[in-house]
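First comes the structure, then the notes that go with it.
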Amino acid sequence: MLERRILIDADACPRQALAIAQLLSEEKNWRCLTFASLNHQLQGDNHIVVDAGPQAVDMKLANETRAGDIVVTQDIGLAALVMGKKALPLTPHGLIFDPERIAFHLEERNEKARFRRGGGRTRGPAARTREDDQRFAASLRELMEKEIYL
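Below is the structure:
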């Protein structure tokens, strides 16, 4: 059986979510890998530093992903990519990406990008709350407890 892993797109992952993932990975004896560009100051034995080029972190993380991995990312495109590899993506806010809804999320992302290119403004993410931390921890536990046979 392959080692169970959590892969984190650490470029945009809030520190609280990162700490929760690391704590749960230790508790459940999973390996927690973080991926970030040279521009981010993360360190550790399981940290992978990637070139600062556009999408470099996403591509490295997608290439390293294998079936059964949990991938923490806010990037909907990356979530769709890793779903194709039978990995389980979720956001740092605790949203578990669902195969039946990923097309909707991608379309919503494209519509917002089109609106911004036309000069429109969209809201940024809300400030992180204790409820976000609780929801993320609960969702991560749920995915870690899934029976996935690799």
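Per full-length UniProt numbering, residue 1 is the first one in the sequence shown, and the count goes up by one each step. We treat Cβ as the ideally placed atom computed from N, Cα and C, and that holds for glycine.
Item, Value
"Is the beta carbon of L90 closer than 9 Å to that of S139?", "yes"
"Look at the Cβ atom of I8, then the Cβ atom of L23, and state whether they are nearer than 9 Å.", "no"
"In this structure, does DSSP put P130 in helix, strand or coil?", "The amino acid occupying residue 130 in the given sequence is Arg; Pro does not appear at that position. If DSSP states are grouped into helix, strand and coil, R130 belongs with the helices."
"For P92, count neighbouring Cβ atoms within 10 angstroms of its own Cβ and tell me buried if that reaches 16, exposed if not.", "buried"
"In this structure, does DSSP put F97 in helix, strand or coil?", "coil"
"What is the DSSP secondary structure of A10, reduced to helix, strand or coil?", "coil"
"On a CA-only basis, which of L33, C13 and P54 is nearest D45? Give me that one, please.", "L33"
"Near L38, which residues of its chain fall below 8 Å by C-beta distance, leaving aside the five closest residues on each side in sequence?", "V49, V50, D51 and A52"
"Considering only their Cβ atoms, is the gap separating R31 from R5 smaller than 9 Å?", "yes"
"For F136, which of A87, G84 and V71 has the nearest alpha-carbon?", "V71"
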